[in-house]
Each structure stands twice: as structure tokens, then as C-alpha cells.
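> The structure that follows is given in the form of C-alpha cells.
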Amino acid sequence: MIRDGARARFPDSQAGFPTGTIAGQRPGAKGAGRVLLIGCGPGDPDLVTVRAMRRIGDADVLVVDRLVGEEVLAYARPDAEVIAVGKEAGGPSTPQDEINRVLVREALKGRLVARLKGGDAFVFGRAAEEIAAVRAAGIAVEIVPGITAAHACAASIALPLTLRESVRQFSLVTGATADGDVNLDWSSLSAPGQAFAIYMGVRTARTLRQKLLGAGAPATLPVVVVENGARANELAVATSLADLVDAIDAFGIKGPAIIFGGLDWNDANLTMPEKVHVFHASADRAAGRAHAASASDAF
Ligand SMILES: C[S@@+](CC[C@H](N)C(=O)[O-])C[C@H]1O[C@@H](n2cnc3c(N)ncnc32)[C@H](O)[C@@H]1O
Numbered sequence: 000m001i002r003d004g005a006r007a008r009f010p011d012s013q014a015g016f017p018t019g020t021i022a023g024q025r026p027g028a029k030g031a032g033r034v035l036l037i038g039c040g041p042g043d044p045d046l047v048t049v050r051a052m053r054r055i056g057d058a059d060v061l062v063v064d065r066l067v068g069e070e071v072l073a074y075a076r077p078d079a080e081v082i083a084v085g086k087e088a089g090g091p092s093t094p095q096d097e098i099n100r101v102l103v104r105e106a107l108k109g110r111l112v113a114r115l116k117g118g119d120a121f122v123f124g125r126a127a128e129e130i131a132a133v134r135a136a137g138i139a140v141e142i143v144p145g146i147t148a149a150h151a152c153a154a155s156i157a158l159p160l161t162l163r164e165s166v167r168q169f170s171l172v173t174g175a176t177a178d179g180d181v182n183l184d185w186s187s188l189s190a191p192g193q194a195f196a197i198y199m200g201v202r203t204a205r206t207l208r209q210k211l212l213g214a215g216a217p218a219t220l221p222v223v224v225v226e227n228g229a230r231a232n233e234l235a236v237a238t239s240l241a242d243l244v245d246a247i248d249a250f251g252i253k254g255p256a257i258i259f260g261g262l263d264w265n266d267a268n269l270t271m272p273e274k275v276h277v278f279h280a281s282a283d284r285a286a287g288r289a290h291a292a293s294a295s296d297a298f
């Protein structure tokens, strides 16, 4: 769906194309085909940068990932073409080579091609492959940063990602790999004072939990899962590493979600927002109580 809007807000955005423009080229001018690699944030159109909004409004064609919020397309020109190349987690996807071909094909027509990605293109966004393919065809690429999911999710639940005294290292890691084998530096992630955000970790949560516990992370390590962060249907659940899998089952979390580890509002002298659900099946079991939300006792 495309709605008018960007033109009204930025009527002179082509004339004012502020940075990164190739000298003497107007975006969209014939023969000046180029690719804009744009991070579009977590899905909320308010979390798109001003530069991204302007570039989206300039583009002739938009090549769009599944996690880009539909409302973000309201910033596009009404006559812009939209090509969806979404990738379902574990489901059907447009092969990366095909996406690369589309970018090159459209730019070689002399069009201004906006490649829209969820979050930030440089965080688990396969940006390197796309930049290399486009440059190999002699086409210029401009990169527009976006708000990555971990930052948007943390902001939405007011959970600081570092703390001056106690959390000095924060890692972004992936819970899914192309070959299916999750291979991270488990002992480093499990060390005291470490915090992390796991992307694409819902389906591998059982393995993640087992590996972290095996590397010495405490069963009580605070864990917060944020699904659809910064969107209308956001769901946030605070739990422990021991209860991660049960929490995901109990709340029917499918993703997209970020799994935070090693972060706690208490350590930051902050109160947890009311919208965050609390799930502690292990503690309830130990106390002989059945947890209302618990869907599974399987560990
Ligand atoms: C292929 S990665 C892309 C990450 C993206 N480039 C970024 O910077 O956020 C997809 C993963 O990002 C995370 N993600 C993206 N949008 C999200 C959102 N709104 N809420 C929670 N997690 C999200 C999920 O872990 C999802 O499986």
C-alpha cells in the first residue's frame, strides 16, 4: 500500500537532497541509477529517520523486506513501484541472488532504487552482499542508517543496555545461522557483567538456554523477550534464563522478537513498566505453586 505524504511534508526534497548525492546528479534523473540502502527501523513509521523518510520519498522503485512496516511506505511517492522481497523466518524467501539481481536491474534502468530493510541494514541485514553486487555492476550505493530492533525494543520498555557500574559490555548476537548450528562465544556471553540481545532466537531458544547454562550462566539470569517491539502489537515478557522456553511457549511468542539477557531494571534503579509481563515458572514450581500462564513443564 502506498499513500501520499512524503511530498506534502518535503515538497522540495529532491532539490534539497542534502548529503551523499553524487555531484551533478539529481536523484531519479535518467542515467543516474543508484541504490539507496535504507534502514527503516522496527516498523513504527515514527522511528524512521528524517533522512530515510526523504530518500524513500525520492525513490522511483522500492525493494522491500518483510519486516519493514507497511506504514513506512506512506513516505513513498504515489507513483513509486513497490517490489516485495520478504523473507519469512524459516519459511519461503526470495533468494539473496535474486534480490541482488533486482537491485542491479532496476538501477541499470536509470532509476533511483530504495532498498528498504527492517531496523538497520548493517545489523543482520545482509547488507554486505547487496553492496558488493551493486558496486560490481558499477552502480553507486548510499547507506542510510536505521534504528536496530534491539535499541527500539529496549527504549520501548525503558531498559538501559549498559550501566556505568555493572554492565560494560553489550553484544548483538544471532540465534539463527544459515547452517542451523548456533555457534556463539557462550562463555563470554555467560560471564558476569555481560549483557546481550539475541536476534532471531525464538526458534532456537531451547538450544540457547542450554548452551548458556552449560557455559556457566546462572539459571536466574534476567531475560526479557520483546516481540514486535515498538509496534502496536508489542509483547514484552520478563523472565529468567531457566524459564525462557516456558515463557515463549506460555505467551505463544513466534517473533520477530529480541531476547535480552543480563539486563534488569532493578540494577538500574528503575521500575519495570507495567506493560511488561512477568513469568517465573521455576520459582513458582519450587514454591509448590502452579503458574497461571505456564503452558509447559518441559525442560
Ligand atoms: C534478519 S534480522 C534483521 C534485523 C534488522 N536489520 C535490525 O537491525 O533490527 C530479523 C530479526 O530482527 C529482530 N526484529 C526485527 N524487528 C523487530 C521488532 N519490531 N521487534 C523485535 N524484534 C525485531 C528479530 O529478532 C528478527 O528475527
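By numbering that gives the first Met the number 0, the letter at position 38 of the sequence shown is numbered 37, and the numbering carries on one by one without gaps. Virtual Cβ for every residue (Gly too), placed ideally from N, Cα, C. Just so we're clear, the structure is a prediction, and the values are computed from it rather than from any experiment.
#1: Do Leu107 and Leu61 have their C-beta atoms closer together than 8 Å?
#2: At a cut-off of 7 Å, is Phe278 close to ligand 1 when judged by its beta-carbon and the heavy atoms of the ligand?
#3: Assuming Ile156 contacts Val225 under a Cβ cut-off of 8 Å, what Cβ separation, rounded to an integer in Å, is found between them?
#4: Under three-state DSSP, which class holds Ala216?
#5: For the beta strand (DSSP E) containing Ala256, list its first residue and its last residue.
#6: Cα separation between Pro77 and Ala235?
#7: Could you give the C-beta distance for Leu207 and Ala126, rounded to a whole number, given that I count them as a contact under 8 Å?
#8: Using a Cβ-Cβ cutoff of less than 6 Å, which residues in the same chain neighbour Leu188 once the five nearest sequence positions on both sides are dropped?
#9: Quick check on the DSSP output: what are the complete alpha helix (DSSP H) runs of length 4 or more inside the region 49–124, in order along the chain?
#10: Any idea if Gln168 is buried or exposed, counting beta-carbon neighbours within 10 angstroms, 16 or more meaning buried?
#11: Put Arg230 into one of helix, strand or coil per three-state DSSP.
#12: Quick check: Val103 and Ala132, are their CB atoms within less than 8 Å of each other?
#13: Taking Ser165 as the reference, give the member of Ser281, Leu66, Asp263, Val34 with the closest Cα.
#14: How far does the beta strand (DSSP E) with Ser165 in it extend, from its first residue to its last?
#15: Any heavy atom of ligand 1 closer than 7 Å to the Cβ of Val172?
#16: Identify every residue that forms a DSSP beta bridge with Arg33.
#17: Just checking Asp119 against ligand 1 - is the residue's beta carbon closer than 7 Å to any of the ligand's heavy atoms?
#18: Roughly how many angstroms separate the alpha carbons of Leu269 and Gln95, rounded to a whole number?
#19: Per DSSP, His276 forms a beta bridge with which residues?
For this structure:
#1: Here residue 107 corresponds to residue number 108 of the sequence shown, with the count starting at 1. Here residue 61 corresponds to residue number 62 of the sequence shown, with the count starting at 1. Cβ distance not < 8 Å, so Leu107 and Leu61 don't count as in contact.
#2: Within the sequence shown, residue 278 is the residue found at index 279, counting from 1. Not under cutoff, so the answer is no.
#3: Residue numbering aside, residue 156 sits at position 157 when the sequence shown is read from its first letter. Residue numbering aside, residue 225 sits at position 226 when the sequence shown is read from its first letter. Between Val225 and Ile156 the Cβ distance is about 6 Å, and since that is below 8 Å, they are a contact.
#4: Start at 1 with the first residue of the sequence shown, and residue 216 comes out as number 217. The answer is coil: DSSP assigns Ala216 none of H, G, I, E or B.
#5: As a working note, residue 256 is residue 257 in the sequence shown. Here the beta strand (DSSP E) through Ala256 covers 256–260.
#6: Working through the sequence shown from its first residue, we reach residue 77 at position 78. Working through the sequence shown from its first residue, we reach residue 235 at position 236. Each residue's alpha carbon lies about 36 Å from the other.
#7: Taking the first residue of the sequence shown as position 1, residue 207 is located at position 208. Taking the first residue of the sequence shown as position 1, residue 126 is located at position 127. Not really, about 25 Å apart at Cβ, beyond 8 Å.
#8: The count along the sequence shown starts at 1 and reaches residue 188 at position 189. Phe195, listed in sequence order.
#9: 49–57, 95–107
#10: Locating residue 168 in the sequence shown gives position 169, where the first residue counts as 1. Under this definition Gln168 is an exposed residue.
#11: Working through the sequence shown from its first residue, we reach residue 230 at position 231. Here Arg230 sits in coil by DSSP.
#12: Within the sequence shown, the letter at position 104 stands for residue 103. Within the sequence shown, the letter at position 133 stands for residue 132. Yes, these two residues count as a Cβ contact at 8 Å.
#13: Numbered from 1 along the sequence shown, position 166 holds the residue referred to as residue 165. The option with the nearest alpha carbon to Ser165 is Asp263.
#14: Mapped onto the sequence shown, residue 165 falls at position 166. Run containing Ser165: none; DSSP gives neither H nor E here.
#15: The residue you call residue 172 lines up with position 173 of the sequence shown. No, ligand 1 has no heavy atom inside 7 Å of this Cβ.
#16: Start at 1 with the first residue of the sequence shown, and residue 33 comes out as number 34. Answer is Leu111, Ala139, bridged to Arg33.
#17: Here residue 119 refers to the residue found at position 120 when the sequence shown is read from its first residue. Under cutoff, so the answer is yes.
#18: The count along the sequence shown starts at 1 and reaches residue 269 at position 270. The count along the sequence shown starts at 1 and reaches residue 95 at position 96. Cα to Cα, the separation comes out at about 43 Å.
#19: Within the sequence shown, the letter at position 277 stands for residue 276. Beta-bridge pairing links His276 to Val236.
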